[in-house]
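Take a look at the structure set out below.
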Amino acid sequence: MRGGKLVHLAGTPTRGLLQWIAIRYPPTAWPIGPAKAGNTPVGHNLAVFYASCTADCLFCQNWHFREASPEGKTLSARELAAAANSRTFCVCYFGGDPASQMPHALAASRYLAERGVRVCWETNGTMHLRLLDAAVQVSLETGGCVKVRSQGVRRRLHLALTGVSNRRDVGKTLRGPRGGSTSAPRLPLVIASTLLVPGYVDADQVGQIARFIASINLRIPYALLAFAPHFYLPDLPCTSARHAQEAEAAAARGGTGQRAVGNRHLLGRE
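Counting along the sequence shown from 1, when you hit position 56 you're at 41 in my numbering, and nothing is skipped either side.
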């Protein structure tokens, strides 16, 4: 509040606090989507990193966004969309988390969709359900996907690792009006993912998440991601190959359909 007027620092269609880069990188669906089969479209991915988040994860991979000034340089949704060109096949929203600046992300998505760009999201799913439904809809229309992170069905564990409740993440996302559908071309529409944090997210925890996912829709893919020590968990080891194997087996027993372990280059021997 300044001079009696409310100042919106970011998150509106005219002001987004973010960074973006154009890279040859698998889309958000990896390791589930076409990149796994080696048929990623020729071109590049517009990776958008919002400098804000609705969670406070101890394992945050992109924690450097916290160093961004809330009054730093911003881009409008139209300016972000202008970063795409004829070789841009996909935009992927990361963070932080796009859940914290959804009006901006959705506005940019509409401009990008008009240019034929696939729209993908990687999120904790904590945005308002109307905004989440809008994100799913634009991904459905463009052939993109929504990857939703979940660190467990145990509320205390989830709260300890992420700083937020799990009441509004994977469950309501996958149960949304179109959340269970996998009808979008090229990519599954909704994907669930879990980071395999040693000592916290074990095979038993993965099995519980997998059973929960399967109870909603057996066709929803499940991506298990290897952990590397950083941020507030620098003293933990990388996810071991054995941990990953046991987690993948637990996911299979839990009834999920397609599943895969990503970031395999980070796996330790034990």
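Note that CB positions come from ideal geometry on N, CA and C, so glycine has one too.
Just tell me which of the options has its CA closest to the CA of residue i.
i: R227; options: L218, D187 and I198; result: D187
i: D189; options: Q136, M87, L31 and T147; result: Q136
i: P206; options: I198, A213 and F212; result: I198
i: Q86; options: R0, A67 and T73; result: R0
i: V138; options: H49, M112, G247 and Y185; result: Y185
i: L221; options: R72, L181, L142 and L2; result: L181
i: P173; options: K132, P83 and R95; result: K132
i: A236; options: L144, G101, Q193 and C45; result: Q193
i: S62; options: L(-6), V123, A93 and Q46; result: Checking the displayed sequence, the identity of residue 62 turns out to be Ala instead of Ser. When each option's Cα is compared against that of A62, the closest is A93.
i: S71; options: N151, G28, Q230 and F34; result: G28
i: P88; options: P183, H113, V76 and F74; result: H113
i: V175; options: V191, R204, T147 and N151; result: R204
i: F216; options: L142, L146 and L43; result: L43
i: R95; options: P(-2), L209, P214 and A213; result: P(-2)
i: R238; options: T147, A213, V191 and G247; result: V191
i: Q230; options: P214, G247 and L218; result: G247
i: D82; options: T73, T111, E99 and A145; result: T111
i: C130; options: R141, Y78, F34 and T147; result: Y78
i: G242; options: N202, P214, A213 and L218; result: N202
i: T73; options: F50, H49, E99 and L125; result: E99
Along the beta strand (DSSP E) that carries residue i, what are the first and last residues, could you check?
i: I6; result: L3 to I8
i: H29; result: H29 to Y35
i: A245; result: R244 to G247
i: E56; result: Element bounds for E56: n/a, residue is neither H nor E.
i: A211; result: Y207 to A211
i: R134; result: V131 to R134
i: L181; result: V175 to L181
Are the beta-carbon atoms belonging to residue i and residue j less than 8 Å from one another?
i: L65; j: W106; result: no
i: A120; j: L97; result: no
i: G253; j: A195; result: no
i: A36; j: I8; result: no
i: L60; j: L3; result: yes
i: A245; j: T224; result: no
i: S200; j: R134; result: no
i: R103; j: G80; result: no
i: T39; j: V123; result: no
i: A84; j: V76; result: no
Please classify residue i as buried or exposed, where buried requires at least 16 neighbouring CB atoms within 10 angstroms.
i: K58; result: exposed
i: D41; result: exposed
i: G23; result: At G23 the pLDDT is 46, less than 50, meaning the model places this residue with poor confidence and gives no usable figure here.
i: E52; result: exposed
i: A232; result: buried
i: M(-14); result: Here M(-14) scores only 37 on pLDDT, less than 50, and its place in the model is too uncertain to base an answer on.
i: N109; result: buried
i: A169; result: Below a pLDDT of 50, predicted positions are generally treated as unreliable, and A169, at 41, falls in that range; the measurement from the model is reported next regardless. Classification for A169: buried.
i: G164; result: Note that G164 has pLDDT 44, beneath the 50 cutoff, so the model's placement of it is unreliable and the number below is only indicative. G164 is buried by the Cβ-count criterion.
i: P55; result: exposed
i: G(-4); result: buried
i: G101; result: exposed
i: H250; result: exposed
i: E208; result: The question names Glu, yet the displayed sequence has Ala at residue 208. Flag for A208 reads buried.
i: L(-6); result: exposed
i: G161; result: For G161, the predicted structure reports a pLDDT of 47, less than 50, and the residue's modelled location is therefore unreliable. A value from the coordinates is still provided. The residue is buried, with at least 16 neighbouring Cβ atoms inside 10 Å.
i: A145; result: exposed
i: H143; result: buried
Mind checking which residues open and close the alpha helix (DSSP H) that includes residue i?
i: S94; result: M87 to E99
i: L117; result: L114 to T127
i: F197; result: A188 to I201
i: L43; result: No alpha helix (DSSP H) contains L43, which DSSP labels as neither H nor E.
i: L146; result: R140 to T147
Under 8 Å, Cβ to Cβ, is there at least one residue of chain C near residue i?
i: S37; result: The chain labelled as chain C is not found in the depicted structure, where only one protein chain is given.
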